[in-house]
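Report on the structure given below.
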Amino acid sequence: MADSLADLVGLPAYKRPEDAHHILADSSLTDEPIRVLKHGDTFALFDQHGDIRPVKNREQGLYHDGTRFLSRLVLELEGARPFFLSSTIRDDNDQLTVALTNPDLCRDGRVYLPLGSLHLGLKKFLWCGVCYQELRIENHGMQPADVELTMQFAADFADIYEVRGLTRKARGEDLKPEVTDGRVTLRYQGLDGIVRRTLLQFTPRPAVLDAARAHFHVSLLPRQAAAFYLAVACDREPASHPTLHFSQLLHFDQARSAARADLDEQKAQSCRIEAPNGQFSAWVNRAASDLHMMTTLLPTGPYPYAGVPWFNAPFGRDGLITALECLWLQPSLARGVLAYLASTQATEVIPEQDAEPGKILHETRNGEMAALKEMPFARYYGSVDATPLFVHLAGAYYERTGDRKFIEDIWPNVEAALRWMHRYGDGDGDGFLEYSRQCQDGLLHQGWKDSDDAIFHADGSLARGPIAVCEVQGYAYAAWRAGAALAAALGRTEQAADYGSRVTMLRARFDSAFWCDDLDTYASALDGDKRPCRVRTSSAGQCLYTGIVFQERATRLARTLVAPESFSGWGIRSVASSEPRYNPMGYHNGGVWPHDNALIACGLAHYGMVEEASRIFTGLFDTAMYLDLHRVPELFCGFPRDPGEGPILYPVACAPQAWSAASVFQLFQASLGLTISGVASKISFVRPWLPPFLDEARILNLRVAGAEVDLAVVRHGHDVGVNVLRRKGDVEILIVM
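For the sequence shown, counting from 1, position 422 maps to 691 in my numbering; every step adds exactly one.
See below:
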C-alpha cells in the first residue's frame, strides 16, 4: 500500500523538515484580524481586542531585535474579557484604536451594571523601542460604576525562530522579576550572555502589582472618565545599539507628539498619488503607510524590512525589489538599500554562510539563536539574485537621480558584484548564474522561489543543482547593462565595452537554452545536467521586466501568462494550474504574489502589451478592495476567481510585506509608461494608459534633479493626457503617444 499520494502518482514525497526555513503552521494568521504595529526594530502583533493572547495565535507579542519581549497582555473587567465593539489601525499605521464595553455585570443575581454602561477606549503605538498604551474608561450610565480592572502580562523572551516552530536544545535563564513602585521588570539571560529586559510602567500606580498582573479599583460617577497608562520598554544589556533608557520613558502624550511630528515631516517630503476613486486612494494610502512603517532608519540610511512577523529584518532581495518598485517616487529608499548592502557585501569565502567575495547579503538577524549560530542567518548570503539586482538598482538609481558622487562611492562594490557574477555565480562558465548551497543548513533554492519543492521538471520530479533559474538570467542581463552604463558614465571605457559585450551574448544564449517553443514560455530553470525544467511559471514573466526577451517571443509569452491556467482572475499564479506540482494553496507552487505580478505587468507594458498589463493591475486592485485595511499581503491563494466572491487568503502570509505594499507604485508607473532621468532632468510618459477603474489621478511633489512638479493624468477616450499643475525648477516633460 502506498504511503502517500506522492507514491500513488509516482512523485517523490516532499517532507517538511523541522528547520530554520519552515514556518510551523499550527495556527493561521487569517483566523481573526491581527493588528500590526512597527517602529524601527520593534513590532507588535495584537488581536482585535488589543490583547496579546498567544494561546490561539502563537505569533502574537511585542518583539524587539528578533526576540519576543512581551508574550501576554490581557485586559479583564471584573475577571472577564470586555465586549468587543471595534478596532482599527489608523490610516497612517501609527496607532491601534480599540473600542470595548462591559457586558451585563451581575452581583447576587442582579444586574448592577447594564451592558454598554462603560466605554473602554484603548490606544496603542510604538516609539523608540517602547509600546505606549492609553486606556480611557468613561461611565455613560445613569448610576455610579465601581469595577475591578486587571492587566495580566508575561514575557517568554522567545527567539523569533522559536515562535516560528524551531525547537531549541537549551535556553537561557529567567531571572527573578523586579517589582517596584508602579514598575515591573522581567528579565532573561540568554545563552549568548545578553540580559534582555522588559519594563512595564503603570500610571497611576495599581492597587495591586506583582510579576504577572496589575490590578486597579475603578470608581466613576455618571459622565466621569479616568485614564490609565502603560509603557512597555524593550532593552538588552549590552545594547546592540543606543536605546531609550528606562529612566527616560516619556508620558503617552509626549511620545505620541514625537511620533506624529516624525510622521508629518516624512509625509510633507514625500511624493504622493491622489485620485477621485476613493477605493484606489485607500489602497495607495495604505501601501504608502505600510512602506513607511516597514522602513527602518539604519546608520546607512532607510531600509525596508521585508515583512511582519517572520521577516522583520534586512533582506537583500526584498529590499532591492522594493526599492525598484518605488524608485520613481522615493529614490532615497534605493540609496539607503544600496548603501547598507554595500556595507555588508561579502569579502571572503565562508561556506557556512554561503558567502563569496562580492556577493550581496540575503538576510541578517539579531536574535539569540543567530548570535549562537543555532541557524545560519546572523549574516547569510544564500541568494543568487541579490547580487545582480544590486547592480541593476545601482544603475537605475543613477539614471533616476544623477547622483554621481554616491555611485563613485559604491563603484568598488558594483565591480565586486560583477566579478562575483563572472567568477562564482557562473561556476561552469556557460554564461548563466547558477546556485548550489555550500551551507548544509542554508537554503536549498536560492532564487525568490526558495521552497524546497519550488523547482521541478514537467513530470513533477525535483530538479537537482546547480540550478540556473530563468528570472535570474534576466536580472544578470539587467546588471551587465547597468554595469556598462555606469562604467561609461564614470569614464571607464574598456569596462563599459566588456560589460556591454556580455549583454549581447547572454541574451542570445538565454533564448537558445531556455525558450520552449511548444509551451510558448521559457523553462523555469536549467538543472545541474542543463536539462530545462519545462514548466509554465510566473518567473518567465519577470524576464519581460528586465528586457532579456526578444520582441518576437514577448507576444507568445504574454498569451501564456494571461491564459486561464496561469491567470486566476486576481493575478498570475506562481505555477500554472496545468503543472503537476500546482497547488492553489502552495507557497511557491500556485499562490499569487503581488510583487511578482507588478514586475510582470511592468514588463508587459514595456513591450506594448497594455491590455494584458491592465488585467493584472485590475486584478490586484479588486483583490485589495476585499482585504482588511486594503492591505495586500505577501501572497494569496491561486484558486480561480468566482463572481461575487473575494480572493482566498494564504494562512501564514506576512502582512504587511514591503514588496507587496510597493507593488501598487510599480503598477501605476507601468500604466503611465513613466520613466524619470535625473541625469537629463526629464520625465517621460511613453504610451500612457489607465486601467478601467481609474479615470484620473494626480502625482504631487515629484522631485527630479532639484526640480519639483505636480502632474495630473486624465483619460480622454482611449488616450491619457498629462497636465502640469505646478512646476518649480528646470525639468522637461515628454509625452510619447
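Yeah, the Cβ is synthetic: ideal placement off N, Cα and C, and Gly gets one too.
| Residue range of the beta strand (DSSP E) that Gln938 falls in? | Not the beta strand (DSSP E): Gln938 falls in the alpha helix (DSSP H), residues Ser932 to Leu941.
- Ala611 in three-state terms, based on DSSP: DSSP, reduced to helix, strand and coil, places Ala611 within a helical segment of the structure shown.
Item checked: Endpoints, the beta strand (DSSP E) within which Asn970 is located -> DSSP places Asn970 inside the beta strand (DSSP E), whose first and last residues are Glu965 to Val973.
**Request:** Could you check if Ser355 is buried or exposed, using at least 16 other CB atoms within 10 Å of its CB as the buried criterion?
**Result:** By the neighbour-count rule (16 or more Cβ atoms within 10 Å), Ser355 is not buried but exposed.
Cβ-based neighbour list, Glu407, same chain, cut-off 6 Å, excluding 5 preceding and 5 following: Non-local C-beta neighbours of Glu407 in its own chain, meaning closer than 6 Å and more than five positions away in sequence, comprise His388 and Ala494, ordered along the chain.
| field | Within 9 Å, strictly: CB atoms of Tyr704 and Pro657 | value | No, Cβ-Cβ distance for Tyr704 and Pro657 is not below 9 Å.
* **Same chain, Cβ closer than 6 Å to Lys628, neighbours up to 5 away in sequence not counted** => For Lys628, where only same-chain residues beyond five positions count, the Cβ hits under 6 Å are Ala615, Tyr650, Thr656 and Trp689.
Just checking, does the region 325 to 343 make contact with the region 599 to 611 on the three C-beta pairs under 8 Å criterion? No, because fewer than three Cβ pairs between the region 325 to 343 and the region 599 to 611 fall closer than 8 Å, the two stretches do not touch.
In the region 467 to 510, which residue ranges form an unbroken beta strand (DSSP E) of at least 3 residues, counting only runs that do not cross its ends? Runs of the beta strand (DSSP E) lying entirely within the region 467 to 510, each at least 3 residues long, are 482 to 489 and 494 to 506 in chain order.
> DSSP three-state call for Arg379: helix, strand or coil?
Replying inline: Arg379: strand per DSSP, three-state reduction.
Report task. Could you tell me the distance, in whole angstroms, from the CA atom of Asp728 to the CA atom of Ala527? Result -> Distance between the alpha carbons of Asp728 and Ala527 is about 58 Å.
Discussion item. Considering only their Cβ atoms, is the gap separating Ala922 from Leu898 smaller than 9 Å?
Written reply: Result no, Cβ atoms of Leu898 and Ala922 do not sit closer than 9 Å.
- Message: In the DSSP output, what is Phe422 paired with across the bridge?
- Response: Note: Phe422 sits in a beta bridge opposite Leu342.
message: Just verifying my parser: in three-state terms, what is the DSSP assignment at Asp295?
response: Because the pLDDT of Asp295 is 47, which lies under 50, any placement of that residue in the model is unreliable, and the number read from its coordinates should be weighed accordingly. The DSSP-derived three-state label of Asp295 is coil.
Any idea if Glu534 is buried or exposed, counting beta-carbon neighbours within 10 angstroms, 16 or more meaning buried? Under this definition Glu534 is an exposed residue.
(message) Does the structure place the region 442 to 454 close enough to the region 383 to 397 that three or more beta carbon pairs sit under 8 Å?
(response) The region 383 to 397 and the region 442 to 454 do not touch, with fewer than 3 CB-CB distances between them shorter than 8 Å.
**Local conformation of Gln538 per DSSP, three classes** = Three-state result, Gln538: helix.
Q.
Could you check whether the Cβ of Arg956 sits closer than 8 Å to any heavy atom belonging to the ligand COA?
A. Among the components of this structure there are no ligands whatsoever, and the ligand COA is therefore not found.
Practice prompt. Return the Cβ separation of Ala556 and Ala930 in integer angstroms, given the expectation that the two are a contact with Cβ distance under 8 Å.
Written response: That pair is a contact at about 4 Å.
Span separating the alpha-carbon of Thr762 from that of Gly459
Going from the Cα of Thr762 to the Cα of Gly459 covers about 54 Å.
Item checked: Sequence ranges, alpha helix (DSSP H) only - wholly within the region 737 to 789, length at least 4 -> Those alpha helix (DSSP H) runs which fall completely within the region 737 to 789 and span 4+ residues are 739 to 758 and 762 to 783.
(request) Taking the CB atoms as reference points, tell me whether Ser1024 and Leu1003 lie closer together than 9 Å. (result) Since the first and last residues shown for the chain are 270 and 1006, residue 1024 lies out of range.
Please determine, among Arg884, Gly309 and Gln622, the residue with the shortest C-alpha to C-alpha distance to Leu566. Nearest C-alpha to Leu566: Gly309.
Check: Looking only at its own chain, which residues have a Cβ that is under 7 Å from the Cβ of Val831, when we skip the five neighbours before and after it?
Finding: The residues are Glu881 and Arg884.
Can you confirm whether the region 673 to 681 touches the region 619 to 626 when touching is taken to mean that 3 or more C-beta pairs between the two stretches lie within less than 8 Å? Per the Cβ contact rule, the region 619 to 626 is not in contact with the region 673 to 681 (fewer than 3 Cβ pairs under 8 Å).
task = Mind the definition here: the region 416 to 430 touches the region 338 to 348 only if three or more C-beta pairs lie below 8 Å; say whether that holds.
result = Output reads yes: the region 338 to 348 touches the region 416 to 430.
- Message: So, does the region 804 to 817 touch the region 853 to 871, judging by three or more C-beta pairs under 8 Å?
- Response: Yes, the region 804 to 817 is in contact with the region 853 to 871.
At 3 residues or longer, and completely inside the region 536 to 576: list those beta strand (DSSP E) runs for me, N to C. DSSP runs (the beta strand (DSSP E)) wholly in the region 536 to 576: 541 to 543, 564 to 567 and 570 to 573.
*Could you tell me whether the region 984 to 992 touches the region 909 to 926, where touching means 3 or more Cβ pairs closer than 8 Å?*
No, they do not touch.
TODO: Measure the CB-CB distance between Thr591 and Ala927 and report whether it falls below 9 Å.
DONE: Here Thr591 is near Ala927, since their CB atoms are less than 9 Å apart.
From the DSSP output, which residues share a beta bridge with Val453?
According to DSSP, residue pairing for Val453 in a beta bridge involves Val448 and Leu469.
Please confirm whether Gln935 and Leu499 have their CB atoms less than 9 Å apart.
No.
If we ignore side chains and look at the alpha-carbon of each, how far apart do Val501 and Glu740 end up? A direct Cα-to-Cα measurement between Val501 and Glu740 gives close to 45 Å.
Point to revise | Local Cβ density within 10 Å of Gly947, reported as buried at 16 or more and exposed below that | key: By the 10 Å Cβ count, Gly947 comes out buried.
* In three-state DSSP terms, what is Ser847? -> Reduced to three states, the DSSP call for Ser847 is coil.
Just verifying my parser: in three-state terms, what is the DSSP assignment at Glu431? When secondary structure is reduced to three states using DSSP, Glu431 falls in the helix class.
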